[in-house]
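One structure is given here, and the rest of the page talks about it.
Number of protein chains: 2
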Amino acid sequence: MTIESGNPPAGLIERQAELEAALKALIADRPLPLYRMMGYHMGWAETTGEARIATTPARVHGGLALVTSELLGGDYKAAMPHACAVEYLYNHVLIHDDIRDGNSERDGRASVWWSWGPAQAINTGDGMHALARLALFGARNHGVSSDSIAEATRVLDEANLDTCEGQYRDITLQERLDVGVDEYLSMSESQTGALFACAVHLGALASGNATDEVITALDLFGRKLGATIRIADDCDLFWPAGERDETRQGRLVAKKKTLPVTYVIESGTPTERRQIGEIYMNRVIDPTSATALTEVLAAAGALEFSKGTIARLLDEAVSVLESARLPVGAIDGLREVARFLATPGGLASADLAMGESIITEEA
Amino acid sequence: MTIESGNPPAGLIERQAELEAALKALIADRPLPLYRMMGYHMGWAETTGEARIATTPARVHGGLALVTSELLGGDYKAAMPHACAVEYLYNHVLIHDDIRDGNSERDGRASVWWSWGPAQAINTGDGMHALARLALFGARNHGVSSDSIAEATRVLDEANLDTCEGQYRDITLQERLDVGVDEYLSMSESQTGALFACAVHLGALASGNATDEVITALDLFGRKLGATIRIADDCDLFWPAGERDETRQGRLVAKKKTLPVTYVIESGTPTERRQIGEIYMNRVIDPTSATALTEVLAAAGALEFSKGTIARLLDEAVSVLESARLPVGAIDGLREVARFLATPGGLASADLAMGESIITEEA
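First to last, the sequence lines map onto chains A and B. Take the working numbering: the last position of the first sequence gets the number 540, and nothing is skipped along the way. Take the working numbering: the last position of the second sequence gets the number 540, and nothing is skipped along the way.
Okay, here's the thing in structure tokens:
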């Protein structure tokens, strides 16, 4: 598969406004300022609690759950609680991530811990974690059985634990240089992939039309998709489509592993490896070191290798769906979504396109 | 009700060894060091991962779920997944609490964040949060219906969110002095009480014998019980039964509100209030200030007021059970457990007695 940037698939953006409204509704009646901090993180409020007029980030995990459900012939409305659950779970991870990585900003605004301190931020994340699962119980109103809801909570928790395992490895790899490409990919399939797998898995459950074989295939598809999105994000870190955003460099500053670096460490020339080693000997990777690092990576062909890896993983992901004999329309739809999200800068253009869809529908 | 210290009720300790084994089994087959950190926190391992030979703390929340189930005529084995769930949820809160309060120690050993840093500790707590709910799915092996499991996860998440709300208020009250007794009690019923309510609620669900009226009563009983246990703990902070343990003073150092202080702020003489105000003007409450503070509180009758409040809340808690017409044996059993746990130092003696029970059964 070749990667080409393009417009976001219609399926992914069509339901964004409705998803956003459903997410908002889950905290709308909760007056405690704890929920105001959650609303701030989601982009709906200022720190003062005043409503904020601005486009919010694309809700990719929730959107993916809705798309999957529809592609399998389900009614997307029945999947809305599942979409909210995985979206809030993802945002709980982001709130805690920002503390762990020391990110002062998120989406161009101060992060929750930067605004209210780590104690409140840990707690706000924990509350959102509970809220994520409570969202699932809304499915009762769509006649979803307790069996299916219980299974959905199990899927959510397994994915969450898997994410924590990936997180653990991500933190551990921070201080190591001898990290191979396979180890990096396996970690990414957990840390980033588990929640994408969860999104498509929940969408399939909500559709009511998925066999165990299809669900297993979707899980694997989601894990590989997650890894490709992460690699696309890695590429964006070193070779941004627009101007470099210093507030998004926390992961690099903290020496979190990326595929380009891992590749050159494993396969670079002795000189390239020594150059990278010297940069990583610094306590943190400052902007000057980041520029030097990017030059070494570019010369060693790390961008081409990363794009090649994305293309290979996307092919594998789609093959899995074909082997499980998903309907052709579903395979085509998921391929389109995957190709779009795994484009470096794809998520940023998704933000833009989805924001427009919301503004249009609210107008 | 008068409070008198005594031996822990048999019902609470009898199943501790079995509960401990069930808790261990949930992480036994998980090799990633993430679970080693969880095992360290639970008291089963050294930081190196080596098994640790020592008594572990009383598992009061889990024990309460088992006792409640049995007192309502259920088979405690069917309640074991519920007991594990609430116990792990509680321990997830402790791991995050230690970061928030800056506690370097927990149960006489370095806390998780002190050993592995805040990033790993936030993640370990998140993982234990997911594990808590996954524990519930063990109930499938006891023929518990999906309906009941789905309801149990909902109860767990509502309690968790309630705890986060209490936590939020606890952090907010830290920097305020004008906190009244009622505000303190309401916060405690959420922050500490919600998980005790969850324990008895889950025990009742597992018994399969509880009407909605009984469950509502047990919930309220649990919230009031939680508040009394917290007040007992507050008293233990200022007037410890044995030697003062400096590593357990984190809550005081960080100016978390306690009932004795709240009482004197609200009802003390102008001189007493001024004295407390001066101490709280310090950035933290160091050991010297803590001694001075304790003297002011003692002279103002705060210990008597606190004991009186515990007795009143226990009476109210038991009355609620009587109004809901629980079986007399269940009321007697829960009264005995409540009276024991709400004794200042009661939890410490529970640790001792339950530790002995485990050692006896393992020998």
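Using N, Cα and C, we set each Cβ at its ideal position, and we do this for glycine too. All figures in this text were calculated on a predicted structure; none of them were measured in a lab.
Using a 10 Å radius around the Cβ and a threshold of 16 neighbouring Cβ atoms, would you call residue i buried or exposed?
| i | result |
| --- | --- |
| N280/A | buried |
| N318/B | exposed |
| A357/B | Here residue 357/B turns out to be Gly, not Ala, going by the sequence shown. Result: exposed. |
| V461/A | exposed |
| D411/B | buried |
| A187/B | exposed |
| D252/A | exposed |
| R428/B | buried |
| G445/B | buried |
| T448/B | exposed |
| S500/B | exposed |
| T330/A | buried |
| D492/B | exposed |
| R400/B | buried |
| N268/A | buried |
| C375/B | buried |
| T340/A | buried |
| E352/A | exposed |
| E342/A | buried |
Hey, could you find the ends of the alpha helix (DSSP H) residue i is sitting in?
| i | result |
| --- | --- |
| A476/B | P464 to A476 |
| S322/A | No alpha helix (DSSP H) holds S322/A; DSSP gives it neither H nor E. |
| L372/A | G370 to S384 |
| I456/A | P447 to M458 |
| K254/B | Y253 to D278 |
| D284/A | Where D284/A is concerned, there is no enclosing alpha helix (DSSP H), given that its DSSP letter is neither H nor E. |
| R516/A | V505 to L518 |
| V443/B | Looking at the sequence shown, residue 443/B is not Val but Glu. Residues L436 to S444. |
| I392/A | D389 to F415 |
| G240/A | V237 to L248 |
| V461/B | Premise fails: V461/B is in no alpha helix (DSSP H) and is neither H nor E. |
| R502/A | Premise fails: R502/A is in no alpha helix (DSSP H) and is neither H nor E. |
| K432/A | Neither: K432/A is in no alpha helix (DSSP H) and is coded neither H nor E. |
| G419/A | Note, G419/A: premise wrong, no alpha helix (DSSP H); not H, not E. |
| Q193/A | Q193 to A205 |
| P234/B | Premise fails: P234/B is in no alpha helix (DSSP H) and is neither H nor E. |
| L211/B | P210 to M219 |
Please list, in chain order, all residues of the same chain as residue i whose beta carbon is under 8 Å from its beta carbon, the five residues on each side excluded.
| i | result |
| --- | --- |
| L354/B | I442, I453, G454 and Y457 |
| G385/B | G251, A255 and S325 |
| A231/A | G220 |
| R236/B | Q193, L196, E197, L200, A260, E264 and M531 |
| L271/A | H218 and R283 |
| T471/B | F415 and W416 |
| V332/A | C375, H378, L379 and L382 |
| L211/A | N300, T301 and G304 |
To which residues of the same chain is residue i closer than 6 Å at the C-beta, ignoring the five residues directly before and after it?
| i | result |
| --- | --- |
| T369/A | G403 and R407 |
| G586/A | It is not possible to answer for residue 586/A, since the shown part of chain A is limited to 178 through 540. |
| Q344/A | Q368 |
| T233/A | G220 |
Might you give, ordered along the chain, the residues of its own chain that have their beta carbon closer than 7 Å to the beta carbon of residue i, omitting 5 neighbours on each side?
| i | result |
| --- | --- |
| L350/B | V356, M364 and K434 |
| A222/A | R213, G216, A228 and R229 |
| A312/A | L203, P258, C261, A262 and Y265 |
| E513/A | P186 |
| L362/B | A404 |
| T537/A | Residue placement at T537/A is poorly supported in this model, since its pLDDT is 48, which falls under 50; the coordinates are not used for a value here. |
Any heavy atom of the ligand ADP closer than 7 Å to the CB of residue i?
| i | result |
| --- | --- |
| Y361/A | The model on display carries no ligand, and the ligand ADP is accordingly not part of it. |
According to a CB-to-CB cut-off of less than 7 Å, which residues of the region 340 to 356 of chain B neighbour chain A?
C341, E342, Q344, Y345 and I348
Inspect the CB distances between the region 277 to 294 of chain B and the region 290 to 302 of chain A and report whether three or more fall short of 8 Å.
yes
Going along the region 211 to 238 of chain A in order, which residues come within less than 7 Å of chain B, judged by CB to CB distance?
L211
Contact residues within the region 258 to 291 of chain B, judged by C-beta distance below 7 Å to chain A:
H273, I276 and R277
Which residues of the region 306 to 324 of chain B have a Cβ closer than 7 Å to any Cβ of chain A? Give them in chain order.
H306, A307, L308, R310, L311, F314, S323 and D324
Touch test, the region 390 to 402 of chain A against the region 413 to 421 of chain A, Cβ-Cβ under 8 Å, three pairs minimum
Counting Cβ pairs under 8 Å, fewer than three are found: no touch.
With three or more beta-carbon pairs closer than 8 Å as the criterion, would you say the region 394 to 401 of chain A touches the region 459 to 478 of chain A?
Short answer: they don't touch.
Segment contact, 8 Å Cβ cut-off, at least three pairs: the region 304 to 311 of chain A with the region 333 to 350 of chain B:
At 8 Å Cβ cutoff, the stretches touch.
So if I threshold CB-CB distances at 8 Å, which residues from the region 186 to 213 of chain A count as touching chain B?
L209, P210 and L211
Against chain A: residues of the region 368 to 392 of chain B by CB proximity under 7 Å:
none
Please name the residues in the region 484 to 515 of chain B whose beta-carbon is closer than 8 Å to at least one beta-carbon of chain A, in chain order.
none
Selection of the region 447 to 477 of chain B by Cβ proximity to chain A, strictly under 7 Å
From the region 447 to 477 of chain B, no residue has a Cβ closer than 7 Å to chain A.
Residues of the region 410 to 433 of chain A with Cβ closer than 7 Å to any Cβ of chain B, in chain order:
none
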